[in-house]
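Visitor: Let me begin by handing over the structure; questions about it come next.
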Amino acid sequence: MPGFQTRTYSDVNLGVSQQVRLNFALQVGSVAQAVEVTVAADTLIATSSSSVGTVLPEYKVRDLPLLTRNVIDLVGTTAGTQGSNFAGGRPGQVNTTRDGTTSLPPLV
Amino acid sequence: MSWSRPWWGKDKTIVRAGYGVSYQGAATYIAVDGAVGNLPGLNLFVEQTTNNYLGLSNFSLPVPASTTKPLEPIPLTDRQQTIQGYEDKRVNPYVQNWNLEIQRELAKNLTFEARYVGSKATKLWAPFPLNDVNVFENGILNAYNITRAGGDALLFDQMLRGRDLGLGIVNGTTVTGSASLRNNSLFRAFIANGDVGQFANLLNTSPTATGQAGGLVRNGGFAENFIVVNPQFQSVTLNGNSPNSTYHSMQLQVTKRLSQGFTNQTSYTWSRAIGLAGTGDTNPDRTASYRNPRNIALDKGLLSFHRTHAIRSNGTWQLPFGPNQKFLGNVPGLVQRLVERWQLGGIMSWNSGAPLDINGSTSSINATTSIMTPNLVGNFPKNIGKVTKLANGVTYFDGLQVVTDPTRANVSSLQGLQGAFSNRVIVDSQGRILLANPAPGEVGSLGLKWIEGPARLNLDMNLVKRVRLTETKEFELRIDAINILNKPIFTDFGNNNANLDINSLNFGRITGAIGSRAFTLNARVNF
Chain A
24 MPGFQTRTYS
34 DVNLGVSQQV
44 RLNFALQVGS
54 VAQAVEVTVA
64 ADTLIATSSS
74 SVGTVLPEYK
84 VRDLPLLTRN
94 VIDLVGTTAG
104 TQGSNFAGGR
114 PGQVNTTRDG
124 TTSLPPLV
Chain B
3 MSWSRPWWGK
13 DKTIVRAGYG
23 VSYQGAATYI
33 AVDGAVGNLP
43 GLNLFVEQTT
53 NNYLGLSNFS
63 LPVPASTTKP
73 LEPIPLTDRQ
83 QTIQGYEDKR
93 VNPYVQNWNL
103 EIQRELAKNL
113 TFEARYVGSK
123 ATKLWAPFPL
133 NDVNVFENGI
143 LNAYNITRAG
153 GDALLFDQML
163 RGRDLGLGIV
173 NGTTVTGSAS
183 LRNNSLFRAF
193 IANGDVGQFA
203 NLLNTSPTAT
213 GQAGGLVRNG
223 GFAENFIVVN
233 PQFQSVTLNG
243 NSPNSTYHSM
253 QLQVTKRLSQ
263 GFTNQTSYTW
273 SRAIGLAGTG
283 DTNPDRTASY
293 RNPRNIALDK
303 GLLSFHRTHA
313 IRSNGTWQLP
323 FGPNQKFLGN
333 VPGLVQRLVE
343 RWQLGGIMSW
353 NSGAPLDING
363 STSSINATTS
373 IMTPNLVGNF
383 PKNIGKVTKL
393 ANGVTYFDGL
403 QVVTDPTRAN
413 VSSLQGLQGA
423 FSNRVIVDSQ
433 GRILLANPAP
443 GEVGSLGLKW
453 IEGPARLNLD
463 MNLVKRVRLT
473 ETKEFELRID
483 AINILNKPIF
493 TDFGNNNANL
503 DINSLNFGRI
513 TGAIGSRAFT
523 LNARVNF
């Protein structure tokens, strides 16, 4: 924030559905100082998650080379995918949703 | 299910397991409409192009009616139309997925996962042919073999009696049915090369010597369905619901969480996907052709999306230059702005090759040649393929040769039959036969998807420079390189994999590759 010094919390492990409150007491600083908030969503050990698979966090979507600008192309970087096939399933057997709504029609 | 185990530290090891069932969506009725909406007699297309209909002054009513009647029976002399329908109890396919995983934190920000992931797809949609030719029970195969060896088959004398196929009127003595067929240019190559399926199909549909389709069958006094069960149609397809497929995989994955500007995720997958061979990527999963329609289980094999091995890796690394970094942290401000916040990113993937069919383009059972496999005669191991660059091109089977099939000697020379023989075999460098065409009536002993094609290696990388403009705005310049190694991916064995046909002189030739290098330069402002 403008005019405040940097304050950092490190090594905060956050499991799925967990919430942690971290209060920042900011000291007045010079204008040149900055606060960077970086969130790595690929939780290291999500002890309460039963999900088997891979999280594709926002920073990877933003940073990895992607010619097509189609985020679905990055799915191929994960284990068990081959083209449009996921863990042995066909394209027509995949339901892609956004905010709970199907975003692609089934391929039949 | 997730189970945190206190092995070698609290919350360091997690065991997970899961099971799920999902049903595939219903068919789009566009597809169904396309299949049943074109049944013979349902559509009538009348195009008026005559000048009489293009000017009102020449127009008179009523418009002449079509001679085609809606839904009228297809005559037995047609034999060209196709028809398809749907099984009564066709239901939505469903997929069961199950997995078991152990995840272990190896070090700070570093985890290792080992998992088994499997699935089974049930009641997949697939078409089934109901009108393939029969060459067994009706004696055609036996008569065909007699004719091919130079003999005279009574069946063909009966079928062609009184007809002239170019050698004179068939009478069973001075001019026989078998000799007439060997002499006829339409039938000769089918007889010479063991294409009994295409031979029977031609007998069933050709108007040769009779002037009407099916005339040869009719001439012999045989039943209209002597060769196919629905003789008025060329093909009849039932869209059914019975195939299954399975997938099993072992996946190992190491994840380095983003810290110190570096993140990486690398995985290895060892898998096997098996089902009724076909494309596997679309529904239905295959075309309505089976090597032996009487035993479709023979066509169970690797699916086209199967890859035995796959290695994937992706990551980013912020270069250690600038303030609070290892290098150039105390240089003047302008230099700091120039050298800070450079980031490298990359995606690497390596797959073993896609499974490939070796084709023996012989219609040894039914009229389809594109799916039949050859007989496995010699040592032709699954890993025999290797991309080899020669002076005159690229081949996948260096050292193997294509030579004329020695069974040519068993084909009669009467009526020029042997001259129409064009079958070949694959031999090794010592001349030993490895692959040969199946005999008439046989299914090739080589399985479908026997070998794996060339492996694929791909590396994409990018370099990103970010410059903070204000606290909420930054400028980003990046260059993305796709296939930065510019490594060709050899995939093309000719049109429809024609160079995987043992009867092709170009057997094994790779005629094309993909994978050109591409760069994109992006500049944008993030806010």
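Chain order of the listed sequences is A and B. If you use our numbering, the first sequence closes out at 131, no skipped numbers anywhere. If you use our numbering, the second sequence closes out at 529, no skipped numbers anywhere. Where a beta carbon is used, it is the ideal one built from N, C-alpha and C, also for glycine.
1. Given a cut-off of 8 angstroms, decide if B:D430 and B:L448 are closer than it, judged by their beta-carbon atoms.
2. Do the region 502 to 515 of chain B and the region 421 to 439 of chain B meet, that is, are 3 or more Cβ pairs less than 8 angstroms apart?
3. Under 7 angstroms Cβ-Cβ, which residues of chain C neighbour A:T100?
4. Which of the residues in the region 227 to 250 of chain B, read from start to end, lie with their CB under 9 angstroms from any CB of chain A?
5. Whose Cβ in chain A lies nearer than 9 angstroms to the Cβ of B:N99?
6. Using a Cβ cut-off of 8 angstroms, pull out every chain A residue sitting near B:D35, in sequence order please.
7. Distance, Cα to Cα, B:Y146 vs B:E74?
8. DSSP puts B:F323 in a beta bridge; with which residues?
9. Mind listing the chain B neighbours of A:G123? Cutoff is C-beta to C-beta under 7 angstroms, in chain order.
10. Could one say the Cβ of B:G263 lies closer than 8 angstroms to chain A's Cβ atoms, at least one of them?
11. Helix or strand or just coil, what does DSSP make of B:I276?
12. Given this structure, state the Cα-to-Cα distance separating B:F509 from B:A500, to the nearest angstrom.
13. In the region 450 to 465 of chain B, which residues sit with their C-beta less than 8 angstroms from some C-beta in chain A, listed in chain order?
14. Are B:L167 and B:L183 touching if we call contact CB-CB under 8 angstroms?
15. Say whether chain B places a C-beta atom closer than 8 angstroms to the C-beta of A:V75.
16. Buried or exposed: B:R519, going by 16 or more other Cβ atoms within 10 Å of its Cβ?
17. Decide if A:S126 is buried, meaning its Cβ has at least 16 other Cβ atoms within 10 Å, or exposed.
18. Rounded to whole angstroms, what's the CA-CA distance from B:L1 to B:S251? Just pull it up for me.
19. Are the C-beta of B:S24 and some C-beta of chain A separated by less than 8 angstroms?
20. In terms of residue numbering, what span does the alpha helix (DSSP H) encompassing B:R190 cover?
21. Round the Cβ separation of B:P456 and B:F423 to the nearest angstrom and send it over; I've been treating them as touching at under 8 angstroms.
22. Would you call A:S40 buried or exposed, if buried means 16 or more other Cβ atoms sit within 10 Å of its Cβ?
23. Taking only three categories from DSSP, how would you classify B:P131?
24. So which of A:P88, A:F47, A:Q50, A:Q105 has the shortest CA-CA distance to B:N316?
25. Which ranges would you report for the beta strand (DSSP E) in the region 385 to 468 of chain B if only whole runs of at least 3 residues count?
26. Below 8 angstroms on the Cβ atoms is my guess for B:F329 versus B:W344; work out the distance and round it to an integer in Å.
27. Of all the CB atoms in chain B, is at least one closer than 8 angstroms to the CB of A:L45?
28. List the whole-angstrom C-beta distance separating B:G446 from B:N377, where the pair is believed to meet the contact cut-off of C-beta under 8 angstroms.
29. Can you tell me which of the three DSSP states B:S247 falls into?
30. Could you tell me whether any Cβ in chain B is nearer than 8 angstroms to the Cβ of A:Q50?
Guide: Reading it off the structure:
1. Within the second sequence, residue 448 of chain B is the residue found at index 446, counting from 1. Within the second sequence, residue 430 of chain B is the residue found at index 428, counting from 1. It is not a contact, given that the beta carbons lie outside the stated cut-off.
2. yes
3. Absent from the structure: chain C. Protein chains present are A and B.
4. Closer than 9 angstroms at the C-beta level to chain A, one finds these residues of the region 227 to 250 of chain B: S247, T248, Y249, H250.
5. Here residue 99 of chain B refers to the residue found at position 97 of the second sequence. Residues of chain A passing the Cβ test: A110, G111, G112.
6. Looking up residue 35 of chain B in the second sequence gives position 33. Chain A residues near B:D35: none, gap ~13 angstroms exceeds 8 angstroms.
7. Walking along the second sequence from the start, residue 146 of chain B turns up at place 144. Walking along the second sequence from the start, residue 74 of chain B turns up at place 72. Rounded to the nearest angstrom, the two C-alpha atoms are 36 angstroms apart.
8. The residue you call residue 323 of chain B lines up with position 321 of the second sequence. DSSP, once it has assigned bridges, lists B:F329 as partnering B:F323.
9. Position 100 of the first sequence holds residue 123 of chain A. Per Cβ cutoff of 7 angstroms: no residues; A:G123 is ~16 angstroms from chain B at best.
10. Here residue 263 of chain B refers to the residue found at position 261 when the second sequence is read from its first residue. Chain A contact via Cβ: absent.
11. Locating residue 276 of chain B in the second sequence gives position 274, where the first residue counts as 1. Note: B:I276 maps to strand in three-state DSSP.
12. Within the second sequence, numbered from 1, the residue matching residue 509 of chain B stands at position 507. Within the second sequence, numbered from 1, the residue matching residue 500 of chain B stands at position 498. Their backbone Cα atoms lie some 8 angstroms apart in a straight line.
13. D462, M463, N464
14. Translated into positions along the second sequence, residue 167 of chain B becomes position 165. Translated into positions along the second sequence, residue 183 of chain B becomes position 181. Cβ distance < 8 angstroms, so B:L167 and B:L183 count as in contact.
15. Start at 1 with the first residue of the first sequence, and residue 75 of chain A comes out as number 52. So yes, A:V75 belongs to the interface.
16. Position 517 of the second sequence, counting from 1, holds the residue named residue 519 of chain B. Exposed.
17. Against the first sequence, residue 126 of chain A aligns to sequence position 103. Counting Cβ neighbours within 10 Å, A:S126 comes out exposed, since fewer than 16 surround it.
18. Nothing can be reported for residue 1 of chain B: it is not among the residues displayed for chain B, which extend from 3 to 529.
19. For this step, residue 24 of chain B is matched to residue 22 along the second sequence. Interface residue, yes.
20. Walking along the second sequence from the start, residue 190 of chain B turns up at place 188. B:R190: member of the alpha helix (DSSP H) spanning 187 to 194, first to last residue.
21. Locating residue 456 of chain B in the second sequence gives position 454, counting from the first residue. Locating residue 423 of chain B in the second sequence gives position 421, counting from the first residue. That belief does not hold up - the Cβ atoms of B:P456 and B:F423 are roughly 33 angstroms apart, past 8 angstroms.
22. On the first sequence, residue 40 of chain A is found 17 positions in, with the first residue counted as 1. Note on A:S40: pLDDT 44, under 50, position unreliable in the model; the coordinate value appears next. That one is exposed.
23. On the second sequence, position 129 is the one that residue 131 of chain B refers to. Three-state result, B:P131: strand.
24. Taking the first residue of the second sequence as position 1, residue 316 of chain B is located at position 314. Closest option to B:N316, Cα to Cα, is A:P88.
25. 390 to 392, 395 to 397, 403 to 406, 426 to 429, 435 to 438
26. The count along the second sequence starts at 1 and reaches residue 329 of chain B at position 327. The count along the second sequence starts at 1 and reaches residue 344 of chain B at position 342. Going by Cβ atoms, the distance from B:F329 to B:W344 rounds to 11 angstroms, so no, they are not a contact pair.
27. Taking the first residue of the first sequence as 1, we reach residue 45 of chain A at position 22. Chain B contact via Cβ: absent.
28. Counting from one through the second sequence, the residue named residue 446 of chain B turns up at place 444. Counting from one through the second sequence, the residue named residue 377 of chain B turns up at place 375. Right, the Cβ-Cβ distance comes to about 5 angstroms (below 8 angstroms), so this counts as a contact.
29. By 1-based counting over the second sequence, the position of residue 247 of chain B is 245. B:S247 falls in the strand class under three-state DSSP.
30. Indexing the first sequence from 1 puts residue 50 of chain A at position 27. By this cut-off, A:Q50 is not an interface position.
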